[in-house]
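Counting in the working numbering, the sequence shown runs from 16 upward without gaps. Data first, discussion second: the structure below is written as structure tokens.
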Amino acid sequence: MTLEYDDKGKFFTDVISKVAVPAIVQTTTHQIHGMVHIRPGERLKDELDRDELFMALTDARLIDSNGNTVYQTDFVAVRRAQIVWAMPDPSAKKD
């Protein structure tokens, strides 16, 4: 990790701060309930619009078309081309 300072003492780093947002992501085959990590001050849509091939979700549950949890994992990378829709999870607890 590099850390650089400018003339005014502001520092710059390679690390990108992100905030975990509870979300529901519908793919072509499954629904995923988990945490999408977005940059502070941005929206879920901003994360979806990125040019990267995959979007990361943590604390994820993959749910089939019958509503059954078929897999649970700490991390899953979803190919953005397979995402049909996504939304903040309204059932998630708010602090």
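Where is the CB? At the ideal position from N, CA and C, for every residue including glycine. Here the structure is a predicted model, which means the values were calculated and not measured.
Under the assumption that Gly93 contacts Thr44 (Cβ atoms under 8 angstroms), give the Cβ distance between them as a whole number of angstroms.
One-based indexing of the sequence shown puts residue 93 at position 78. One-based indexing of the sequence shown puts residue 44 at position 29. In the sequence on display, residue 93 carries Val and not Gly. Contact flag wrong, Cβ pair sits at about 11 angstroms.
Would you list the residues sitting across from Gly49 in a DSSP beta bridge?
Walking along the sequence shown from the start, residue 49 turns up at place 34. Bridge partners of Gly49: Ala38.
Which residues DSSP lists as bridging Ala71, in chain order
Working through the sequence shown from its first residue, we reach residue 71 at position 56. According to DSSP, which records beta bridges pairwise, Ala71 is partnered with Ala92.
For Ala75, collect the residues of the same chain with a Cβ closer than 6 angstroms to its Cβ; drop the 5 residues on either side in sequence, then sort them by chain order.
Looking up residue 75 in the sequence shown gives position 60. Excluding residues within five positions, the ones whose Cβ falls inside 6 angstroms are Ile47, Gly49, Thr88, Val91.
Sequence-distant residues of its chain with Cβ nearer than 7 angstroms to Glu62 (five each side left out)
Reading the sequence shown from its first residue, position 47 is the one you call residue 62. Excluding residues within five positions, the ones whose Cβ falls inside 7 angstroms are Val51, Ile53, Met70.
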